[in-house]
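Structure, as structure tokens:
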Amino acid sequence: SLREIASGRDLKKFLSAIAGLWVLSILGGCCSFLTLAYIGVVLLFTVPLIYDKYEDKIDPYGEKAMAELKKQYAVLDEKVLSKIPRGPLKNKKKD
């Protein structure tokens, strides 16, 4: 749920949300909203077509990228994330 992500319990989703918002803030500083919307619409229509056409060539790169991301996350988890103490999450009282 959103509460678990915001509190840091689901660390992968929490970090991916932070990274996504950071990328959006960088892009938002460079371009106007209409430009970003136009680029988004163009990508929504072209990326699936390109993937369908070149699926055999794209999939190995995706598999390599996922393997590398998993390795990097394991290193990050070992060196940093596992050392962060986590306290209990207090539940709100519902009357």
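1 is the number of the first residue of the sequence shown in UniProt numbering; add one for each residue after it.
Beta carbons: idealized from backbone N, C-alpha and C, even for Gly.
Just to confirm my understanding: we take residue i, look at its own chain, exclude 5 residues before and 5 after, and list those with CB closer than 7 Å. What are they?
{"i": "Glu-4", "result": "Asp-10"}
{"i": "Leu-81", "result": "Leu-11"}
Would you mind stating whether residue i and residue j have Cβ atoms separated by less than 8 Å?
{"i": "Leu-36", "j": "Leu-27", "result": "yes"}
According to DSSP, is residue i helix, strand or coil?
{"i": "Pro-48", "result": "helix"}
{"i": "Arg-3", "result": "helix"}
{"i": "Lys-75", "result": "A small correction: the amino acid at residue 75 is Val; Lys does not occupy that position in the sequence shown. DSSP places Val-75 in helix when its eight states are reduced to three."}
{"i": "Ile-58", "result": "helix"}
Shorter than 7 Å, the distance from the beta carbon of residue i to the closest heavy atom of the ligand ATP, or not?
{"i": "Lys-57", "result": "With respect to small molecules bound, the structure shown includes none, and the ligand ATP cannot be examined in it."}
Within the same chain, show all residues whose beta-carbon is closer than 8 Å to that of residue i, passing over the 5 residues directly before and after it, in chain order.
{"i": "residue 100", "result": "The structure shown has nothing for residue 100, since the chain only spans 1 to 95."}
{"i": "Cys-31", "result": "Ile-39"}
{"i": "Gly-8", "result": "Phe-14, Arg-86"}
Alpha helix (DSSP H) runs contained entirely in the region 5-42, provided each spans 4 or more residues:
Considered as a whole, the region 5-42 harbours 11-30 as its complete alpha helix (DSSP H) runs of no fewer than 4 residues, in chain order.
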